[in-house]
Amino acid sequence: MKETRLGDFEEVLLLIVGILGEEAYAFKISEEFSVQAKRTASIGSVHSTLSRLEKKGFLESTMGDPSAVRGGRRKRIYTITALGQRTLKDSRDFKLSLWNQYPPFSTGNIQFG
Amino acid sequence: MQKKSPEIQSPKRAQQFLYFFLKEELAEEVAGDLEEQFHAVLERSSPAQARRNYWYQVFHYLRPFAIRNITSPNLNHLDMFRNYFKIGYRQLWRNKSSALINIGGLAVGITVVMLIGLWIHDELTFNQTHQNYAQLGQLMQHQTFDGDIYTQDAMPYPVTATLREEYGSSFKYLALSTWPSDHILTKADKIIHQKGIYIEPDGPHLLDLKMKAGTRADLKNPGSIIISETTAENFFKSSNPIGQALTIDNELKVTVTGVYEDFPVNSSFYELQFLADWELYTNTYDWEIAARENPNWDDNSYQAFAQIADHTTFTSVNKQIKSVKQDGLPEGLKRLKAEVFINPMQDWHLRSNWESGAKAGGPIQYVWLFGIIGVFVLILACINFMNLSTAQSEKRAKEVGIRKSLGSFRSQLISQFLSESFLVVVLSFLVGIMLLILFLPSFNQLADKQISFPYREPMFWLLALSFIVFTSFLAGSYPALYLSSFQPIKVLKGKAQDGHAAAGFRKGLVIVQFTVSIILIIGTLVVEKQIQYTGNRPLGYDESGLIMMEITTTDYNGKYNLIRKSLIERGAIVDMAVSSSPLTAVWNSNGGFRWEGKAADFNPIFSVIRVSHDFGATVGWEVLEGRDYSREYQTDSTAYLLNEAAVKYMGLEDPVGKIITWYQGQAHPVIGVVKDMVMKSPFQSVDPAIYMMDYTEHTNFIDLKLNPELSTKESLAIVKATFKEYVPSVPFSYKFADQEHALKFAAEDRVQKLSRVFALLAIFISCLGLFGLAAFMASQRKKEIGIRKVLGASVFNLWRLLSQEFLILVGVSCLLAVPVAYWALNNWLDNYTYRTGIPWWFLAIACLAAVGLTLITVSFQSIRAANRSPVQSIRSGE
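Sequences listed follow chains A and B, in order. Sequential numbering of the first sequence, starting at 582, is according to our numbering. Sequential numbering of the second sequence, starting at 774, is according to our numbering.
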């Protein structure tokens, strides 16, 4: 199994983009991140990661519609590409396979705490 | 949830900042996101919080992906600059002589500026190692005598006690102290003269002593002394000094309770070797006991220091304490209008002069003077650079034309020429640093300083860097702007003659250079003349072989005649006397004198000098009227002698025999008038003086006239042996009157030497520039000279042709420099009462020197050009 080239933060953001669907733009993603991860990330850091993911081909983006609350400015909506989907899946599979090889968890009877 | 009003807007400044650094293509989406975020935060918390968050978010966009490219994407600027420097380097290499002139001149200029800068820094930071620099001050007072306000730092005894009592909350520390003077410190058989003071217990705090042993509070212990590290080393070597016994002036037994780090050189307290217990002092000497039991506001015999409390300022404290002395003065002395104030430590060194109750400068004037000279020297060096670069512009006109045709922007050409100037300045700076290291020791000697090269000061390097950048721009701006403005078509066609503007500019620069140089020459001559003039001033006494010994103890008491007699018998001296002031200063001035015919509202003050019978014979003064003191007249013990200035001041027609009374005292007949003796500043007029006879403890000096028939060494040996015999407890120490007198010229001497050096450098730099310029002119007119020669011009004709242009420029400089120099130096001379004039031929000499130097410099080039074979110069293609 080959290793994916996704960092932890990148993976989380990729997933959030998937979750948000039509609403996936930097501000919303950073908000969703702070709700889900219970820690904040500045829009700048989110944006920087998103543009990196885009460069890697995991995401693509289009400009959305302007809205009043943004002072009439448009937003950039991100969507996951096929490559992104596959990488996410690879990443999950890879980790699951690791989990399954770890004896305390591999019984299928996982207990935390 | 509270609804916020819609007017609240995201912070504009943050947005501007964002747009400033953000890539344009990201602007819309990012600004939109931040706007949304802003409103989201606004919903759940305060506007301030939202604004803070906005700023936070903006700063988090400072990431590589979002910041706009400062460099345009297509050009590799590093390579470009490397190329600039390469071209610059080749340019320098090709024109070695002008490069040498440029770098040499600029390096000298930079060295001078750095020396002056270090000197100014040293002057400005005087006393600043003192921790309480900002709060410390010395108590001073203005007093009015006869309508004039005099300012002094001598204070009366009760001042500190009264201030402590009445305005204690305004002060952190207060201390009365004696004047720093030589005392004899003794430990068993070891005897050393040391400068020290007796001071109230706050002293160690005020003087910010850095204790090596003991604490500052230990001076409170009865009979304690705190000594400097050097003194401790002198007496105790490596053993522990604490608890050791010392004797001061063979009278006061003290115990060492502390040792402090020596004061740094640039401190007002440098040379202060010990501080001793005030209580012990005031309990020992009769006059101190009297001062203590009978506090007298009119006896200004002490110095006092104060540190104001943290919460207050000098202005407000001064307002409070203003009348403290006036209130204490008896009714009869209220006319003094005494006004007490604190002189902050910041002003001690650089603003030490007072005039009519107001600050009147001081050494700060020299700081300004040298600062201005430094700037001028730098400007001269920069002018050279600009001149030579613009002069060579024609040679580079084609280069500019080709560069422009190939697509150079003007901004690129400007940065090319600026980077060349940067290269030159950096090279000059390196040479300058080497020169600085080389010449710093001699400069220190000249300026009487101990400045070291500040390798480790980041501030110095920072300043040096900004200096390099600034100078590169200053020196490189004109050539860069001028050269880059050429039109490619014209220069490539070969039509680029440098225009009238450039030639005019160049001439203007030469004029400025020579004007400054001529002013400096005249200045140096005049300063020199003033010093010589004052040095030759008749002193009114004979200073040769005259020595002075300070009387520091009462051990001499009653031995006057004994010592004098045996010294004369042994042939060591011509005569001996005692006096209250040294021969080179006046320590006492008093009012309260009355005589018949004095106007009632005239309250004169006189220098009061107490002397013994033999004073006149010792110093060799000249009695103009009446007679000198004589042992034949018993009554002479109450008689006065006056100097000429006093007779004039008092308006006496026939002074001998007149009666003077002092306060309520007895009548003193005037028995003679002596010629004015220059005891204070040789640059000022002699103050009116009264000489009175005194053999008591009021006398502070023994004056000896050595026997001229013996060598100084021989007679001093006898004097030393004799004193050892009669006063074994006192170490033998003396000063020569003529040496002390010479010290008064120290400041002027220093200014003279420094200005001479700077004038020489300025001339050197100017000539260097002229040399380069003449060389350029000659090469530019090479063909013209060749043709003229073919047509029959003589070498002399050609020499005149090439030289006269420069002579005209220098002539204009003379016309400008002479009035400016005359005016400025007359102003300077007005500072001195005893002053010389400015003879016209000084001005002429300076101008002739400038013209002569110009001729030599230019002729060197023009004769060479005139001698060149016309065949060569006409044929050569370029």
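The C-beta atom is built at its ideal place from N, Cα and C for all residues, glycine as well.
- Rounded to the nearest whole angstrom, the CA to CA distance from residue 1319 of chain B to residue 1347 of chain B is 10 Å.
- Using a Cβ distance threshold of 9 Å, residue 915 of chain B and residue 1114 of chain B count as a contacting pair.
- For residue 836 of chain B, at least one C-beta of chain A is nearer than 9 Å to its own C-beta.
- Rounded to whole angstroms, the Cβ separation of residue 1555 of chain B and residue 1646 of chain B is 4 Å, and the two are in contact under 8 Å.
- Of all C-beta pairs linking the stretch 935-951 of chain B to the stretch 967-975 of chain B, three or more are shorter than 8 Å, placing the two stretches in contact.
- Sequence-distant Cβ neighbours of residue 1096 of chain B in its own chain, meaning closer than 7 Å and more than five residues away, do not exist here.
- One Cα belongs to residue 1038 of chain B, the other to residue 1467 of chain B, and the distance between them is close to 38 Å.
- Judged by beta-carbon spacing, residue 593 of chain A lies beyond the 9 Å limit of residue 631 of chain A, meaning their Cβ atoms are not closer than that value.
- Shown here for residue 895 of chain B: same chain residues with a beta carbon closer than 8 Å to its own, the five before and five after excluded, namely 1039, 1222 and 1224 in chain order.
- Short of 6 Å from the beta carbon of residue 1035 of chain B, and not among the five residues preceding or following it, lie these beta carbons of its own chain, in chain order: 1001, 1002 and 1003.
- Interface criterion met: the Cβ of residue 607 of chain A is under 9 Å from a Cβ in chain B.
- Taking the C-beta atoms as reference points, residue 1446 of chain B is found no nearer than 9 Å to residue 1459 of chain B.
- The Cβ atoms of residue 797 of chain B and residue 655 of chain A lie no closer than 9 Å to each other.
- Straight-line spacing of the CA atoms in residue 586 of chain A and residue 640 of chain A works out to 14 Å.
- According to the DSSP secondary-structure assignment, residue 1474 of chain B is paired through a beta bridge with B:1323 and B:1352.
- At least one C-beta of chain B is nearer than 9 Å to the C-beta of residue 612 of chain A.
- Secondary structure at residue 1398 of chain B: strand, using DSSP grouped into helix, strand and coil.
- Identification of residues in the stretch 800-826 of chain B having a C-beta nearer than 8 Å to some C-beta of chain A yields 801, 802, 803, 804, 805, 806, 807, 808, 809, 810, 812 and 813, given in sequence order.
- For residue 657 of chain A, the enclosing beta strand (DSSP E) stretches over residues 657-661.
- For residue 1084 of chain B, no chain A residue has a Cβ inside 9 Å of its Cβ, as the nearest lies near 44 Å away.
- Sequence-distant partners of residue 1367 of chain B (beyond 5 residues in either direction) whose C-beta falls short of 6 Å from its own C-beta, in its chain, are 1434.
- For residue 830 of chain B, at least one C-beta of chain A is nearer than 9 Å to its own C-beta.
- For the set B:804, B:819, B:855 and B:1599, the Cα lying nearest the Cα of residue 830 of chain B is the one of B:804.
- Taking the beta carbon of residue 624 of chain A as reference, the chain B residues within 8 Å of it are 803, 806, 807, 810, 830, 833 and 834, listed in sequence order.
- In this structure the stretch 1482-1493 of chain B lies against the stretch 1326-1346 of chain B, because at least three pairs of beta carbons, one per stretch, are closer than 8 Å.
- Residue 1461 of chain B places its beta carbon 9 Å or farther from that of residue 1518 of chain B.
- Separation of residue 1079 of chain B and residue 939 of chain B (C-alpha to C-alpha, rounded to the nearest whole angstrom) is 14 Å.
- Taking a Cβ-Cβ cut-off of 9 Å, the neighbours of residue 839 of chain B in chain A comprise 625, 628, 629 and 632, given in sequence order.
- In this chain, residue 1252 of chain B is not harboured by any beta strand (DSSP E); it is covered by the alpha helix (DSSP H) spanning 1231-1257.
- For residue 642 of chain A, the enclosing beta strand (DSSP E) starts and ends at 640-644.
- Checking the DSSP bridge columns, you'll see residue 1443 of chain B partnered with B:1413.
- Between the stretch 1301-1316 of chain B and the stretch 1379-1387 of chain B, the count of Cβ pairs shorter than 8 Å is below three; the stretches do not touch.
- When secondary structure is reduced to three states using DSSP, residue 622 of chain A falls in the coil class, being assigned neither helix nor strand.
- For residue 1398 of chain B, same chain residues with a beta-carbon under 8 Å away, outside a window of 5 residues either side, are 1428, 1429, 1445 and 1446 in chain order.
- Under the three-state reduction of DSSP output, residue 1430 of chain B falls in the coil class, being neither helix nor strand.
- According to DSSP, residue pairing for residue 589 of chain A in a beta bridge does not occur.
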